[in-house]
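What follows is a short report on a single structure.
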Amino acid sequence: MTPALSRLASAHDAVTRAGFGLAQICLLVIVGAYSFETVSRYFFAAPTSWSNEVVAYALCIGTFLALPEVTRQGGHISISILTDVLRGGVRRTVTRVIAGVAGIVCLYVGWVLLDGNISQVARSEMLTRITPIPKIWISAWITYGFLGASLHFLRQAAGETGAAP
Amino acid sequence: QDLRMIVSWPETNEMAWMPGARFKENLEAKDTGLSVTINGPESVPPFEQITPTSMGVFDIIYTYPAYHSKALTVVANAMTPEPEKIRSSGVFDMIDTYFQDEHNLKLLANVAVGSAGYHCYLSEPLDGGEWQGRKLRGVSTYVPVIEALGGAAVNTPMGEVYAGIERGVVDGACAPQSVYRATKHYEVAPYRTEPTFGQLVSYIAMNLDTWNGLTDEQKTAVMEAAQKTESDTIRIGDEVIDADLEAMAAEGVEVTELPEAQFEAVEQAYYDGVWALAAECCGEELSAEIRSAARDAGLTD
Amino acid sequence: MIEWYVFLSVSLSVLLVLFLSGPPLFVSFLLVNLGTVLMLLGERGLILVANSIFDSANIASLSAIPLFILMGEILTRSGSVENLFRAMDGLIGRVPGRQYVLTVAISVIFGALSGAAMAVAAMLGRSLYPTMIDRGYDRGLSIGTILAGASLAPIIPPSVLIVVIATLADVSVGRLLIAGVGPGLVAAVLILLYIALRVSRREKSAPEVPDTARRGWREIVRSIGLLLPFSIIIFAVMGLILLGVATPSEAAASGVLGSVLVAAIYGRFSLRMIRESVSSAMLITAMIMVIVASSNLFGQMLGLTGATRGLIDWGGALADNPCVLLTLLLAIVFVLCMFIDQIALMLILVPIYKPLVEAAGFDPIWFWLLVLLNLSVGGITPPFGYTMFAFKATAPEIGLGPIYRAAWPFVGVFIVLMAVVVAVPGIATWLPTAMN
Ligand code: NA
Ligand code: NA
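Residue numbers (the numbering used here), protein chains in the order written: chain P, 1 to 165; chain D, 166 to 466; chain X, 467 to 902.
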């Protein structure tokens, strides 16, 4: 790998790590929001209007911020019957082809999502649960998750050493 | 030509399903070569239905305004259910123009299921006409109503409301009687408030490109079917409301009266809330313009 | 428009082949969903892909999943679970297959705490499974017991699944909830009977734990003392729900705080432990949620092509033969559950089943409870089942093959359970009737 590519790869890893750090904060937000809601409602008869929405958004954002890291670690759930029986070079090739396909699929979905994001901004689509917020605030993270995961899959397909599946 | 229609309620919610089915029936009876295939929320979840219709994946949408952004048809929730007047006053055309510009949708009908409005239902009867300090489940247009009588609005997910009322996590909810009955919430919250307030008005709209592709004869047929649906649903709705209320009374549901002063406060809060929502979603000026047209026609106050 | 049966068989076959060729499951789902959408609706239909991912990833009640996983992580990583085992060792005498019995007992308790099989499977996988393997218990039977135990969660109240079914099917939520108690307990007994059968046939699958000392009252008191802190978690989850302080999802959050408190009481609290638990729980959550989000559209497409409705029309011809109809309706749920998500399936099937149930004159509580049992076991019928995936996510060293093999016998146990409930409807209907 050329030094330039290698610098790009480590930048991508750094972004992935930072994203995963934020994802963990999302999980703490879920715990915090529901705990606050329970205490505020029960002891102070002051339910919040936001807890269910914040929790739903935190779950979504956290999931997709963590997706590239799951992919980097090769942690996805799959049925490995085929690859388990293969050995040596064939196995490596099949694994790389699978990673390549996964990368292309995620890239395509990422592109579809990005297209959706653009139209959400153009049409200023709002999420209309209780407190309306722009949909893009939440949906952008899904796009990030798929594009980040796609890049990790493609790096694994390219045979980059490191945490391959 | 087969038109693909997406609706926001499952077939099990008979009252909510009826207007869509009614429109299909009315349009197909016109015999202009148009048929309708209905897809429910199992095909696309309710909150995600408008964009695919704007983009032409579906030809017709039948949904509730507050499920989507830029939901100008929400103003019909603050008007008396008089479809002809809504059209003759120009209100219908103003919303239609906005929908064509913002959603690429041609507004076909505002459908009210019956002429009665919303109840709030409670686990304990009203105390001096107030629900001071109680936690009531309600979103968007209900929030000002709940707060007007000293309650706190909570947005407990619908599926958790039953158990929530049973265990006292929430003290009731505000919804039309069809939801009250379908969710079985009356089992745990047997006191429903009277009189009702506001209107439950959904709408039917068509993708603008589909609309423009129709022949003049077909367009007339669609609009006639839509107008017939508007009056059908109010008539059928009123019958079903009576049946629903009777059935629930047999199950032990009691009426708890809102005294006049409180009812006025509730109604005012509801109307103000709806108009504030319209101003926020679709522009102060436009909503003020519609409100004054509706006022002139005696549809709202 | 292609015929629904062509669509159904082709998409299921393609999905199956893709699953077995080894890519991440969410990628297989995406491939089939993209292909279906492009074929049926063309490029403009792609908006449905984006929408379905967004919609299914934004459901607040799914937050119980990460919260129960996090509880399990904290209890495991702090070593608190070891205290539970030590205490149980001190309390329970020489019962053959004690860990299996313990797993089932804890499953019943967890089932009464949680409405989601995935959360329980993840929790048991995190906390009980490593200990069972360490102690030399049979791997297949251990996995199977955990999967079967986790499947009790949607049956025993509280259960999100029950509330949703009851609402869609227009039956009383309260009665259907209560109806789950009987079958849930019968299921636990059947699971224990099956384990007893296996253990009696193969001694090795249940090693005896070395009996270090005679159990005097001193030992028993010490064990009970060791157990006491766990009542904090029981209270934080079950107690708050029963007292009406919190909804099930909120109670899950207080359960997390409870588990932190328990770790602190055992002197095992550290920020590092919390950091590791949060990190691991978030990874597992992402693995599960991305499948949920990617598979959602598959169910939507079944609805859109009319596949599921066509299937049911075909079965509806049998409405005048209730036995055949019942078998068929349940068989459809069983077969579809092998491949797709239970909630999506329910959204499609319940509205279509409802008129058939009325036509055939089935007791609605009894019928929908059978569907519920079917959906619950659907989480452990290979190849697709969230209960299995949730467990698998906590035990990455095990392939799906051994998990499938471990699941099948217990699928059999649940089929026996359904047969029992069909033969003796009172198991389901007695309590709800007694309520009036
Ligand atoms: Na449960
Ligand atoms: Na399954």
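Ideal placement from N, C-alpha and C gives every residue a C-beta, glycine not left out. Predicted model only: the values in this text are computed from it and were never measured.
For D/Thr202, the three-state secondary structure derived from DSSP is strand. Contact of D/Met220 with chain X is assigned, a C-beta pair being separated by under 7 Å. Taking 8 Å as the upper bound for CB-CB distance, X/Leu484 and X/Leu497 are in contact here, some 6 Å apart. If you check the CB distance, D/Ile203 and D/Met180 do not come in under 7 Å. By DSSP's assignment, P/Leu127 forms a beta bridge with P/Ile133. Listed along chain P, the residues sitting closer than 7 Å to X/Ser487 by beta-carbon distance are Leu82. D/His233 and D/Arg302 have their alpha carbons spaced roughly 20 Å apart.
Spanning the alpha carbons of D/Pro360 and D/Glu395 requires a straight line of approximately 23 Å. For D/Tyr368, no alpha helix (DSSP H) run applies; the uninterrupted beta strand (DSSP E) run containing it begins and ends at 366–372, by DSSP. Between D/Gln383 and D/Lys250, the alpha-carbon positions lie close to 24 Å from each other. If the five residues before and after X/Leu763 are omitted, its C-beta is found closer than 7 Å to the C-beta atoms of Asn499, Leu514, Val515, Ser518, all from its own chain and listed in chain order. Taking 6 Å as the cut-off, one finds at least one heavy atom of ligand 2 near enough to the beta carbon of X/Met804. Counting along the chain, D/Ile226 sits inside the beta strand (DSSP E) bounded by residues 225–228. Counting C-beta pairs with one atom in each stretch, the region 132–151 of chain P and the region 4–21 of chain P have three or more that are closer than 8 Å, which means they touch. A distance criterion of 6 Å places the beta-carbon of X/Thr847 in contact range of ligand 2, judged by its closest non-hydrogen atom. In this structure, the alpha-carbon of D/Trp376 lies about 14 Å from that of D/Ser200. Three or more beta-carbon pairs drawn from the region 840–860 of chain X and the region 748–766 of chain X are found closer than 8 Å, and the two stretches are therefore classed as touching. A Cβ of chain D is located within less than 7 Å of the beta carbon of X/Leu507.
Within the DSSP bridge table, the entry for D/Met170 names D/Ile203, D/Ile225 as partners. With a 10 Å radius around the Cβ and a threshold of 16 neighbouring Cβ atoms, P/Ala4 comes out exposed.
In the DSSP assignment, D/Lys393 falls within the unbroken alpha helix (DSSP H) covering 381–415.
For X/Gly844, the shortest separation between its Cβ and any heavy atom of ligand 2 lies below 6 Å. Legend: CB atoms of the region 711–730 of chain X lying less than 7 Å from CB atoms of chain P belong to residues Val711, Ala712, Ser715, Glu716, Ala719, Ser720, Val722, Leu723. Contact between D/Pro246 and D/Ala274 fails: their C-beta atoms lie close to 12 Å from each other, not under 8 Å. Closer than 7 Å to the CB of X/Met753 there is at least one CB belonging to chain P. In terms of beta-carbon proximity, D/Thr216 lines the interface with chain X, with at least one pair separated by less than 7 Å.
Beta-bridge annotation (DSSP): X/Pro490 is paired with P/Ser78. In terms of Cα proximity to P/Phe43, the closest of P/Ser6, P/Ser35, P/Ile142 is P/Ser35. Listed in chain order, the positions of the region 99–111 of chain P with a beta carbon within less than 8 Å of a beta carbon of chain X are Val101, Ala102, Val105, Cys106, Tyr108, Val109.
With 16 or more other Cβ atoms inside 10 Å of its own Cβ, P/Glu37 counts as buried. DSSP places D/Val353 outside both helix and strand once states are collapsed to three, so it counts as coil. Relative to ligand 2, the beta carbon of D/Phe264 is positioned no closer than 6 Å to any heavy atom.
CA-CA distance, X/Arg543 to X/Pro695, rounds to 16 Å. When DSSP states are grouped into helix, strand and coil, D/Leu301 belongs to the strand group.
Each residue's CA atom was taken as its position, placing D/Leu464 and D/Tyr368 some 17 Å apart. Given a length threshold of 4 residues, each whole run of the alpha helix (DSSP H) inside the region 707–784 of chain X is given here in chain order: 714–731, 737–771, 773–782.
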